[in-house]
Each structure stands twice: as structure tokens, then as C-alpha cells.
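Counted the way UniProt numbering counts, the sequence shown spans residues 1 to 206. For every residue, glycine included, the Cβ atom is placed at its ideal position computed from N, Cα and C. Read the structure below first, then the notes.
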Amino acid sequence: FGDRQKLLFDSLNTAERAVKGTILEQSDSREINTHSLERPKVDRRNESRHVMKFRGRESIFKRPEAPISQCLRPRQRPDYQVHPQKWTKYSLEDVETSDHTNTTAAFTFLAECEKRRREEKSEEVMQGDDDEKIVFKKSAKLKKLIEKKNDTASDEGPTFRSSKVVMPEYVIGQSVKREKKASHSKSQERGKELKLDHLFETEEDE
């Protein structure tokens, strides 16, 4: 009898190990979870007694006000039947219309719209042309004169470029070429000629 009992318990242990991770074990665990998640039963009478204490007092939590459309009762009759003096009735019984006239009117309306768009685009283009800035460019003669002035300035003395003083280039043993001023010599000759005019006047008097 003892040997049989041991064999039975050993077979139960092996069966328990085989059941682990299978659908049977998961179903059992689900039943346990559902029981644990169920809310405990609460006595409603005790709750009502607890709430009765605060009846008649102003609550912190207020219900949001409903919109006016929900507060007002819906009308059974429309407004044009209740107040006919506020409304005007139009009828197209006397007007002769057909599909052809409707299509022509629609095409004319579309043509007018397209014409307006073209006019607006042309106006925008004209405004854009007017708004363009006029750029004045220096002529070739002015550029040459400015370049000559810069060359002469660089030859005469030091120049100031990008926060640095640049000295002119000097070659050892070479004399600096100086341009002759022709205008000054001409003025001196004219002065000499004017000074000699009084001699001719004395000779004529004699």
C-alpha cells in the first residue's frame, strides 16, 4: 500500500509540472484575477445617510450651464408662419427660364470673372514694374578718373586700408619721378610778357 501511495504522489507531481505554462493554468489564473478585480459590495443606505448631511449646502463642484438652444423649447411652427410680416415671398412663376438661358448666363458670369482676374494680374504687374528701384551706374570716364586718383594717392604717401597703414613702395637707388606742371610754367611766361610791355610804351614816346 505504501509503494502505491508514493507512486500516486509522484505521478501527481509530474502532471503538475507538465500543466505549467499551458492553457489550463492560464484559465485558472484568469478566474483568480477576475475575482480579485471585482469591486467590493457597498451598502447604498450608508452612502445616502452620508450624503444627507450635505443636502442644502452650496457645493464646490458646479454643473456647467447648458447652451441657450437646449434651454429653450423647440418651436413647433416656423418663424415665417408665426410672423409673416417679417418675411417677403418671391415667386418665379412669371419668369420664363430654360436650360439654355441658364447655361448662357453662367458662361457670361464666368467670362466676366476671368476678365476681372486678367485685369487684376495686369495691374499687379504694372505696380511691380513701378516699384523696381532705379540703379545709377558710374560711367567709364568716372571710373578711370577715380582709379587715377587712387594711383596718385598711393604713389604720394601712405594709405589706410582695412585698419592698416600701407606705405608706398620704394626702390633703393631709384629717384622718384615727378610730373612737371605745364600749367604753372605757362602762367609764369605770361607774367614775364606782361612785365616787359612798359618798355615798348617808352620807345614809342621817344
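Hey, how far is the Cα of residue i from the Cα of residue j?
i    : j    : result
L110 : T97  : 19 Å
F9   : E16  : 11 Å
Q81  : A66  : 28 Å
R4   : S11  : 11 Å
N13  : F1   : 19 Å
E120 : F107 : 20 Å
K62  : L72  : 21 Å
K89  : R118 : 39 Å
V165 : K148 : 20 Å
I68  : P74  : 11 Å
L7   : R45  : 57 Å
E114 : K86  : 38 Å
V95  : S122 : 39 Å
K141 : R116 : 50 Å
H50  : Q70  : 33 Å
I146 : I172 : 29 Å
E169 : M126 : 56 Å
P78  : R57  : 43 Å
H100 : P64  : 57 Å
E112 : K144 : 59 Å
N102 : S91  : 17 Å
R55  : P84  : 50 Å
M52  : I60  : 16 Å
E93  : A105 : 19 Å
M167 : T159 : 6 Å
DSSP three-state label for residue i, please.
i    : result
K89  : coil
R116 : helix
S154 : Note on S154: pLDDT 49, under 50, position unreliable in the model; no value is reported.
V166 : strand
R161 : strand
Q76  : coil
R55  : coil
S98  : coil
R49  : helix
A15  : helix
A66  : coil
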